[in-house]
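Colleague: Provided herewith is a single structure, encoded as structure tokens, for subsequent inquiry.
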Amino acid sequence: MKKIDMDEAKAWISQAVILHAHDLVKACAQRFQVDTVTATAVIDELVLIGVITREESAGRVEFAPASNLTIMHSYSLPLHGAERIWLHDFAPFLKPDITDARLALIHEAFDAVADNASHYSHGSTLHIIVEQSLNNIEMTFQDNGMGIYKRMALACPGQDTATGILNAYITAHRNCALNRLAPQFDYVQIESNGLCFPEQPGDDSLEEMYAQGTTVVLALTLNHDIN
């Protein structure tokens with residue numbers, strides 16, 4: 066019997082549960098080319114681990130995203146427009162309890178980081194993960210390119226720490242998206258070329274883990290005002 070990879074199921078379910086709230090088992094069977102018994106087992110497992118919820122009313126079953134929502138996609142670089150990806154693959158599937166101000170900030174940051182990876186990473190792949198809980202949203206961007214710190218270091222000779230490189234780069238590019246948007250997020254982490262910002266001294270494993278490519282993480286609490 067053909068099995069369904071749970072990681073693939075989790076990536077697929079974030080959108081499918083919105084589009085197929087009343088026929089999710091059928092949609093799962095069609096998507097993964099399995100029988101309904103196998104599809105039902107996978108849907109039951111996703112309910113059990115809290116990825117989706119299931120309610121029954123008047124004999125009709127309805128599925129919905131659970132309190133924690135994860136949307137994952139991978140793209141070939143260069144992208145054909147970060148704006149199109151945001152509008153098609155992410156924005157329609159976020160839970161609706163986000164204010165307009167926060168959503169505009171999230172949207173702008175998404176476009177800026179994805180476009181940077183597309184235009185400047187010189188990589189071939191970009192993985193994007195958006196995770197939304199009741200009070201938080203976190204976006205992770207991972208490319209396999211040359212790495213933002215390598216590019217920044219070339220532009221800022223004489224700097225040899227993550228903080229020094231990043232601060233020198235931002236000072237020289239005061240209008241860059243990173244400079245404008247990062248202070249509005251509650252958490253920003255950039256990991257690339259063996260360096261982290263903010264720096265994490267003493268963690269030698271980072272040098273090997275992020276020797277190539279860049280990982281950018283932006284997190285925003287959803288229960289306070291945006292300036």
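Counting from 66, one number per residue, gives the positions in the sequence shown under the working numbering.
Cβ atoms here follow ideal geometry from the backbone N, Cα and C, with glycine treated the same way.
State the CB to CB distance for the pair N211 and L231, rounded to an integer number of angstroms; the pair is presumed to be in contact (CB under 8 Å).
Modeller: Counting from 1 along the sequence shown, the entry for residue 211 is found at position 146. Counting from 1 along the sequence shown, the entry for residue 231 is found at position 166. Note on identity: in this sequence residue 211 is Met, with Asn being the wrong assignment. At roughly 16 Å, the Cβ-Cβ gap does not stay under 8 Å, so M211 and L231 are not in contact.
Colleague: So for D208, helix, strand or coil by DSSP?
Modeller: Along the sequence shown, read from residue 1 onward, the residue named residue 208 stands at position 143. In this structure, D208 counts as strand in the three-state DSSP scheme.
Colleague: Measure the alpha-carbon distance for L283 versus E203 and round it to whole angstroms.
Modeller: Counted from its first residue, the sequence shown places residue 283 at position 218. Counted from its first residue, the sequence shown places residue 203 at position 138. Spanning the two alpha carbons is a distance of roughly 6 Å.
Colleague: Over the uninterrupted beta strand (DSSP E) stretch that includes F262, give me the two end residues.
Modeller: Reading the sequence shown from its first residue, position 197 is the one you call residue 262. First-last of the beta strand (DSSP E) with F262: L260 to F262.
Colleague: Once you ignore the five residues that flank D208 on each side, which residues in its own chain have a CB closer than 6 Å to its CB?
Modeller: For the purposes of this step, residue 208 is taken as the residue at position 143 of the sequence shown. For D208, where only same-chain residues beyond five positions count, the Cβ hits under 6 Å are A182, S186, G188, L191, G278 and T279.
Colleague: Quick check: the Cα distance between D176 and A156, rounded to an integer number of angstroms?
Modeller: Along the sequence shown, one-based indexing puts residue 176 at 111. Along the sequence shown, one-based indexing puts residue 156 at 91. C-alpha separation (whole angstroms): 12 Å.
Colleague: Using a Cβ-Cβ cutoff of less than 6 Å, which residues in the same chain neighbour L144 once the five nearest sequence positions on both sides are dropped?
Modeller: By one-based count along the sequence shown, residue 144 stands at place 79. If we look at L144 and ignore the five residues flanking it on each side, its Cβ neighbours are S183.
Colleague: Could you tell me if Y252 is buried or exposed, where buried requires 16 or more neighbouring beta carbons within 10 angstroms of its beta carbon?
Modeller: The residue given as residue 252 occupies position 187 in the sequence shown. Looking at its Cβ environment, which holds fewer than 16 other Cβ atoms inside 10 Å, Y252 is exposed.
Colleague: What does DSSP give as the partner residue(s) for Y140 in the beta ladder?
Modeller: Mapped onto the sequence shown, residue 140 falls at position 75. Y140 is bridged to L191.
Colleague: Just the Cα atoms here: how many angstroms apart are I114 and H138?
Modeller: To locate residue 114, count along the sequence shown from 1; it is residue 49. To locate residue 138, count along the sequence shown from 1; it is residue 73. Rounded to the nearest angstrom, the two C-alpha atoms are 21 Å apart.
Colleague: In terms of DSSP beta bridges, what is S183 paired with?
Modeller: The residue you call residue 183 lines up with position 118 of the sequence shown. According to DSSP, which records beta bridges pairwise, S183 is partnered with nothing at all.
Colleague: Quick one: which unbroken alpha helix (DSSP H) runs of 4-plus residues sit fully inside the stretch 68 to 113? Chain order, please.
Modeller: Segments of the alpha helix (DSSP H) lying fully in the stretch 68 to 113: 71 to 84, 89 to 97 and 101 to 113.
Colleague: Following the continuous beta strand (DSSP E) through I163, name the residue where it begins and the one where it ends.
Modeller: Your numbering for residue 163 matches position 98 in the sequence shown. Looking at the DSSP string, I163 is not in any beta strand (DSSP E), and its letter there is neither H nor E.
Colleague: Pull the bridge partners of V126 from the DSSP assignment, please.
Modeller: Working through the sequence shown from its first residue, we reach residue 126 at position 61. Answer by DSSP bridge pairing, in chain order: E121.
Colleague: So what does DSSP say about A131, is it helix, strand or coil?
Modeller: Here residue 131 corresponds to residue number 66 of the sequence shown, with the count starting at 1. Note: A131 maps to coil in three-state DSSP.
Colleague: Tell me which residue opens and which closes the beta strand (DSSP E) that A147 is part of.
Modeller: Taking the sequence shown and counting its residues from 1, the one referred to as residue 147 is at position 82. Going by DSSP, A147 is part of no beta strand (DSSP E) but of the alpha helix (DSSP H) stretching over A147 to I150.
Colleague: Closest by CA to L199, which one among A169, T205, G223 and L159?
Modeller: Locating residue 199 in the sequence shown gives position 134, counting from the first residue. Minimum Cα distance to L199 is reached at L159.
Colleague: Do V116 and L75 count as a contact pair if the criterion is CB distance below 8 Å?
Modeller: Here residue 75 refers to the residue found at position 10 of the sequence shown. Here residue 116 refers to the residue found at position 51 of the sequence shown. According to the sequence shown, residue 75 is Lys rather than Leu. Yes; because the gap between Cβ atoms is below 8 Å, this pair is in contact.
Colleague: Using CA coordinates, which residue listed in W77, Q249, I108 and A131 is at the minimum distance from Q197?
Modeller: Numbered from 1 along the sequence shown, position 132 holds the residue referred to as residue 197. The shortest Cα separation from Q197 among W77, Q249, I108 and A131 belongs to A131.
Colleague: Per DSSP, A284 forms a beta bridge with which residues?
Modeller: Locating residue 284 in the sequence shown gives position 219, where the first residue counts as 1. According to DSSP, A284 bridges with E203 and Y252.
Colleague: Tell me the rounded alpha-carbon separation between V82 and K91.
Modeller: Counting from 1 along the sequence shown, the entry for residue 82 is found at position 17. Counting from 1 along the sequence shown, the entry for residue 91 is found at position 26. Each residue's alpha carbon lies about 12 Å from the other.
Colleague: Do you know how far the Cα of V195 is from the Cα of G124?
Modeller: On the sequence shown, position 59 is the one that residue 124 refers to. On the sequence shown, position 130 is the one that residue 195 refers to. Their backbone Cα atoms lie some 34 Å apart in a straight line.
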